[in-house]
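Structure record follows, encoded as C-alpha cells.
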Amino acid sequence: MTLTPVPVPAQAPEEWQGSVEALRGLVSDRAMTGETLLLNLGPHHPSTHGVLRLLLELDGEEIVTCLPDIGYLHTGIEKNIESKSYEKAVTLTDRMDYLAPMSNNTVFCMAIEKLVGLDVPERAQAIRVICLELTRINSHLVWLGTHAMDMGAMSVFLYCFREREFVLDMFEMLSGQRMMGSYMRPGGVWRDLPAEFLPALNKFLDYFPAKIDDYETLLTNNPIWIDRTQGIGVVEPEDAMALGMSGPSLRGSGVNWDIRKAQPYSGYEQYNFNVPLGEHGDVYDRFLVRVQELRESLKIIRQAVDKLPGGPFRSTNRKFVPPPRAELGGSMEAVIHHFKLWTEGFPAPDEEVYVAIESPRGEIGCYLHGTGGNKPRRVHFKTPSFMHISALGVISQGHMIADLVGIIGSVDIVLGDSDR
Amino acid sequence: MQIPAALDPVEAIREAMPDSLLDVHLFRDETTLIIKPEKIVAFARYLRDTKGLVFNFLSDISAVDYYPDYNRPGRFGVCYHLYSMLYNRRLRLKVYLPEDAPTVPTVTVVWRAAEWLEREIYDMMGINFKGHPDLRRVLLPDDWEGHPHRRDYPLGYETVMFSFNKDEINKSKPYAKE
Amino acid sequence: MGVISSKMGNLGVVTTSLDEAVNWARTGAMWPLLFGLACCAIEMMSTQASNYDLSRFGMELNRASPRQSDLIIVAGRVTRKMAPVIRQLYDQMASPKWVLSMGDCASCGGVYNNYAVVQGVDEIIPVDVYVAGCPPRPEQLIHGILTLHEKVRGERVLETIND
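Residue numbers (my numbering), protein chains in the order written: chain A, 531 to 950; chain B, 27 to 204; chain C, -15 to 147.
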C-alpha cells in the first residue's frame, strides 16, 4: 500500500488560520477575551528537549495554563513491532528512549522472557546490570549537560559530552554501535564481553568520580544555580504519585520508590546501593538526586565487575535462542533450530504480561500480549516521559517562563520516549 | 505508625463486590481480575481506598484488539495495571468491550495519571471514555482519520525501492521541488 | 549582475575568483539551524561537543532562528505531524540555504516503514547531501558536511543570482 503524500503547502501561511474558540475549556476564560496572551513554545525551540510543543497562556510573564502537545515524534513503533517476530523487534525498541537504549531493550526482552518462560543465566544478568548502569550514567550526563546549558551554564555541556565519549566507546566494544546497539536479546545478551571491555571499564571507574566532583563544584553551591532552582517546580508527594510520576522526579519529592529495590530484576538484589531522596520536590532536589545517582551507579558497576560470574552469556534453550555458528557444522538439530528461529521466530502463548524496570527517567513498563504465533498481538510501552509531560502542565502553573525552562529540564523528558 | 495487614485482593473483592467480578486469571504470578466495564470506577475506588489494599499508583492502561481471532468476550480489552506502593504488589483489572461504540467510564476521578493514558487509547484504538475531562487526540494530528493500533488498520507500508523498481517508484514518489 | 556579464562577456578570471571568494566565505561560517528531532540529534550534539569539534569547520554555533541560519541538518525521523513545521522552517530560511539529511530516517524513512513516518525528508524539502547511518557516527556527519562544503565550492555565484 503506498502512502498518501503529505500535502506540502506552496507557501507557509502568514497568520494562524485557526480561532481561539477551539481552546475553550482548555485555557482559562481570560484568554478568550484577550486579557492573557496565548504563546506557542513551538515544536522547534532550543530549550524544549526535542520536539515538544507547549501552548502557554501567559499573564505577563506568569503562566496561567500550560498545555503540552506531543506527537511530533510519533513513529508507530508499537504497531511496527506487531508485524515483526520477537527477536527482530528488539532493534526497534532501541530507538524509543534514545538516551537509554539498553533500558528499552531490557524491558522488552524481560517481557518476552516472562511470557515464554525463558531463563537468563547469571553471567547475562550481571552483564545486563553493568550495561544498564552505564546507560544510566550516559543518560544522566546528557540530562545534566542539556539542563545546565538551558540554564546558562554552557561549559557543563561540553564536560558531560566528553565523559560520554568514554562510555560510548565501551558500548561500541560490546555491540559495534555507539548508541543503538540492540545488545540485549531474549535470553541474555548478544555476545560475551570482549577482552578490551573490562580494562576500559576499570579505567573509566577510576577516572569518573573526580569528574562528578567537578560538576558538583560548578553547580551545587553556585548561588545563581541555587537561586534559579530552589523553590521552583515544587511537586508534593501525593500529587506526584497521583500524576503517575516515577523515577528521580518522584524521588525528588521524597517518595522512596525505586523498582531496583522494590521489585528487583536481573540480580539487583545482590548489590549494595543507596537510593538518593530529595526533600522539597523542587528542581534543585531533583538535580541533587540525579547527580547522586551517578555515584551510586558507579558503586553498582564496581560490585558487578567484582562478582562477575562465569558461564554462558545467553540462555541455551535452543527453542528460543539460535545456536552459535560453530555448532552448525556438526549438528542437524542446530541447523533446524537456526533455520526456524531466523526465518520464523519462536511462538509465544496467547497471554499477557507486564514487566516494569527502572529506566533513568522512571518506570518503563512493557505490556506484551502474544497470539500463540511468532508475532505479538500487542505491545504497549508505558514510558515515564509520557506521564511527566502530562504532569508538566500541572507543575508549571504559576511560574514564570524562565522557570519553565528549568522545570522541563528537571523532569528529564525525552520526546522519543513519550511519543514512541 | 502501624501499617494495617495486607488483604488478598481477590478475596477482598469477592466479599465486597461478588456479582461484578466475572473471572480471575493467573499467569506467571500475575493476577488479572476480569470485571464488568460499568463497574470499573467502583472497583478502582475500592482498591485505592481500602486499608489493606491501597493500590494508589496507576502504572499503565493498555488496550488490546482481538481482531481477527475474536477469541475473547469482546473485540477490545482494556487493562488497568495497578501498583500498591505500601504493600509492593501489582494487580491487573481487565474489561472487555464490544466492537461497535466501545465505551468505558473514565478512572481519572480515581487516579489523575489516567488522563493522558486514556487519551492515548482513544487516539490509537478509538475507545471512548465516558466522563473524561479532555478527550482529544494526543499522539496524532487532530484531523487524522482512523485509529492506527486497531488490527484492521493497515501499517502504511511503502514499497521498498530496489534497483529493479527504482524508476517506477521514483515516478510516483512526491519529491519536493523548491 | 546579469547586465554586467552581458556587457563584458565572459569575464573568465574575475568570475571564477569571485565564485571562489564567495563560496569560501559561505563554507567558512555555515551556521546550522538548531534542529534535532530524535536520536541523530544526540550524535549531532556529540559532533558539536569537544571530542569531534564542529567549530573547526566553521559551524561555531547553532542558531535558533531559521532566518539567521544557512544550513538545516534534519537529524532524526520526520513524522507526518512534524512535516508542515519543517516546511515552514525551510521557507523561513533566507537564501542561500542548504539541507543536509542526517541519518537513515531523514534520508529514506529508515527502520520505519509505516503510517506515521515520512519516507525521507526529501518529500518535504529538497536535500543537498544525504548522510547514512543509524545514527551516523560523528566522523560520518563530518564527512557529510565536508561533502556539502565541496558542493558549495562548486557552485557558480553569478548563475544563482541570475535565477
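No residue lacks a Cβ here, since even glycine has one placed at the ideal position from N, Cα and C.
- The DSSP-derived three-state label of Ser926(A) is coil.
- Linking Gln72(C) to Pro110(C) through their CA atoms gives a straight-line distance of about 13 angstroms.
- Boundaries of the alpha helix (DSSP H) around Thr131(C): 122 to 137.
- Proximity of chain B to Gly93(C) at the Cβ level (cut-off 8 angstroms) is accounted for by Glu184, in chain order.
- Contact between Leu645(A) and Val883(A) holds, since their C-beta atoms are separated by about 5 angstroms, short of 8 angstroms.
- Straight-line measurement puts the Cα of Ser796(A) at about 21 angstroms from the Cα of Met111(B).
- Per the C-alpha coordinates, the member of Glu184(B), Asp75(B), Leu181(B), Arg54(B) positioned closest to Trp137(B) is Asp75(B).
- The three-state secondary structure of Cys23(C), taken from DSSP, is helix.
- One finds His604, Thr605, Gly606 in chain A with Cβ atoms closer than 7 angstroms to the Cβ of Ala100(C), taken in chain order.
- Taking Ala921(A) as the centre and dropping the five residues before and after it, the same chain places the C-beta of Leu773, Met775 closer than 6 angstroms to its C-beta, in chain order.
- Annotation: Asp49(B) to Ile756(A) spans about 54 angstroms, alpha carbon to alpha carbon.
- Per the coordinates, the alpha-carbon of Arg163(B) lies some 8 angstroms from the alpha-carbon of Met150(B).
- Taking Pro767(A) as reference, the option from Pro739(A), Asp812(A), Leu731(A), Pro806(A) with the minimal CA-CA separation is Asp812(A).
- Take Leu569(A), set aside five residues on each side of it, and the residues of its chain with a beta-carbon closer than 7 angstroms to its own are Leu586, Leu588, in chain order.
- Distances from the alpha-carbon of Ile593(A) to those of His929(A), Ser669(A), Asp933(A) put His929(A) closest.
- Taking C-beta atoms as the reference points, Glu643(A) and Pro716(A) count as a pair closer than 8 angstroms.
- Taking CB atoms only, Met77(C) has no neighbour in chain A less than 8 angstroms away.
- Cβ-Cβ distances below 7 angstroms link Gly601(A) to Asp949 in the same chain, with the five nearest sequence neighbours on each side left out; the list follows chain order.
- CA-to-CA, the gap between Ala740(A) and Phe696(A) works out to about 15 angstroms.
- The C-beta distance from Leu571(A) to Leu584(A) rounds to 4 angstroms, short enough to meet the 8 angstroms contact threshold.
- Taking a contact as a CB-CB distance under 8 angstroms, the pair Asp788(A) and Val765(A) does not count as one, their CB atoms being some 17 angstroms apart.
- Annotation: Asp37(C) to Gly117(C) spans about 19 angstroms, alpha carbon to alpha carbon.
- Approximately 33 angstroms separates the beta-carbon atoms of Gly580(A) and Val650(A); this is outside 8 angstroms, ruling out the contact.
- Here DSSP, grouped into helix, strand and coil, assigns Thr595(A) to strand.
- In this structure, the CA atom of Met710(A) is about 11 angstroms from the CA atom of Glu27(C).
- Between Gly895(A) and the set Met626(A), Lys614(A), Glu612(A), the nearest pair of CA atoms involves Met626(A).
- At a cut-off of 8 angstroms between beta carbons, Phe19(C) contacts chain A.
- By the beta-carbon neighbour count (other beta carbons within 10 angstroms, threshold 16), Trp8(C) is exposed.
- If you check the CB distance, Thr605(A) and Arg61(C) come in under 8 angstroms.
- At a cut-off of 8 angstroms between beta carbons, Arg40(C) makes no contact with chain A.
- Residues are counted here when their Cβ sits less than 8 angstroms from a Cβ of chain A; for the segment 164 to 175 of chain B these are Val164, Leu165, Leu166, Pro167, Pro174, His175, given in chain order.
- The C-beta distance from His158(B) to Glu144(B) rounds to 6 angstroms, short enough to meet the 8 angstroms contact threshold.
- A straight-line Cα-Cα distance of about 6 angstroms links Phe102(B) and Tyr122(B).
- If the five residues before and after Ile61(B) are omitted, its C-beta is found closer than 8 angstroms to the C-beta atoms of Ser46, Leu47, Leu48, Phe69, Leu119, Lys120, Val121, all from its own chain and listed in chain order.
- Sequence-distant partners of Arg708(A) (beyond 5 residues in either direction) whose C-beta falls short of 7 angstroms from its own C-beta, in its chain, are Leu698, Phe701, Glu702.
- The Cβ atoms of Phe83(B) and Tyr113(B) lie no closer than 8 angstroms to each other.
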